[in-house]
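Heads up, the thing below is written out as structure tokens.
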Amino acid sequence: MVWLILFGEGPRRWLVPAVWLILLGGGLWTLQRASDGWLFYYLFYLPGQHVPVWWRVHHFWIDYFFKPFPIATLAAGLSLFLGPGRLHGPRLFWLAAAAGLIGGPWLASVPSGAFHNVAMPAHAALAILFALAVQRWFARAVRPLLPWAAALLQLLLLLYNPCHHLPAPADRAAGEALVGRIAAVEGEVWFPSHGYLSRMAGKSGCAHRCALDDVLRGKDEPGRRRLVDEIDTALARRRFEVIITNDDWLAREIKGGYGEGETIFTRPCLFWPLTGWQTRPEVWYQQRGDDSGGE
């Protein structure tokens, strides 16, 4: 939008940014209302309170660009900054687009709690810039096959066997058994780390563990206190028939009304994700009766 305002021509120079601002403002307002005010809290207020992880400033480029996309990164960068011709028109547009699509994820990767998905817009920008670089390279290459060979080599570097990401029959059976067990619970189930399994079992959803941790480790003391009080009240009143966790998170507070808990999977290699963060449901807490001594 900044590029269009500075270098656009005719009515679209102002019309397109105005429409964009109206749609953006209207969308944010609608989502803010629909979320009861949580949107701005999570998008703008809370991330600014998280501790920055400064080594991610340079590892963003190493882990998300130079390691997986060495050829694409080099070709796109050279074409964008050192290509022939003046820095204006379409070239300046793609420079502005890259600044937004790559610079935004770069900044978002620094706060603690950021994960690999922040790089998705940056990879979309890289795919576009690499395609443009190959096209320009082909138009000026003495050996026309060289840019296509480089593009093919980059694609070959990304090859992987998708079969490695298919769950084994034992994992599928374990997951189906857990969903069936959750469905058989008569009361509410609190499953903050893997809430999709509760939904599959027909239970109501809840805030995700990562969203809760964002508040609990933030500097918003009033917000943190309100969340802690809400959790403590729910546990003290035994609001949930069953609580399922994937580690010892809130274990001391939960055990007061639910006992020690039961290990869900006895086999150490069962029901682990085949990609991403390695975590699984671990402990099943069943609500104890009043005669068990829980407060």
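In my numbering, the protein residues as written are 1392 to 1686. Glycine included, C-beta positions come from ideal geometry on N, C-alpha and C.
I think residue i touches residue j, with their Cβ atoms under 8 angstroms apart; what is that distance to the nearest whole Å?
i: Leu-1430; j: Gln-1423; result: 5 angstroms
i: Asp-1611; j: Gln-1440; result: 6 angstroms
i: Ser-1584; j: Arg-1600; result: 4 angstroms
i: Val-1576; j: Glu-1653; result: Not a contact, Cβ separation roughly 13 angstroms.
i: Ala-1513; j: Leu-1492; result: 6 angstroms
i: Gly-1609; j: Leu-1437; result: 5 angstroms
i: Trp-1411; j: Phe-1484; result: The Cβ separation is near 15 angstroms, so there is no contact.
i: Ile-1462; j: Gln-1545; result: 4 angstroms
In terms of residue numbering, what span does the beta strand (DSSP E) encompassing residue i cover?
i: Thr-1670; result: Looking at the DSSP string, Thr-1670 is not in any beta strand (DSSP E), and its letter there is neither H nor E.
i: Thr-1624; result: Taken as a continuous stretch (DSSP letters only), Thr-1624 belongs to no beta strand (DSSP E), being part of the alpha helix (DSSP H) at 1612 to 1627.
i: Gly-1675; result: A quick correction: the sequence has Trp, not Gly, at residue 1675. That run of the beta strand (DSSP E) goes 1674 to 1677.
i: Ile-1635; result: 1633 to 1636
According to DSSP, which residues form a beta bridge with residue i?
i: Thr-1654; result: Val-1674
Can you tell me which of the three DSSP states residue i falls into?
i: Trp-1581; result: strand
i: Gly-1439; result: helix
i: Met-1511; result: helix
i: Phe-1662; result: coil
i: Met-1392; result: coil
i: Leu-1422; result: helix
i: Leu-1536; result: helix
i: Asp-1605; result: helix
i: Pro-1553; result: helix
i: Ala-1417; result: One detail in the question is off: residue 1417 reads as Gly in this sequence, not Ala. Helix.
i: Pro-1408; result: helix
i: Ala-1688; result: Given a span of 1392 to 1686 for the chain in the structure shown, any question on residue 1688 remains unanswerable.
Could you spell out the range, first to last residue, of the alpha helix (DSSP H) harbouring residue i?
i: Glu-1644; result: 1642 to 1649
i: Ala-1561; result: 1560 to 1574
i: Tyr-1587; result: 1586 to 1591
Taking Cβ positions only, does residue i come closer than 8 angstroms to chain B?
i: Gly-1609; result: In the structure shown, chain B does not exist; there is a single protein chain.
- Item | alpha helix (DSSP H) runs wholly inside the region 1442 to 1506, at least 4 long, in chain order | 1447 to 1452, 1461 to 1473 and 1480 to 1499
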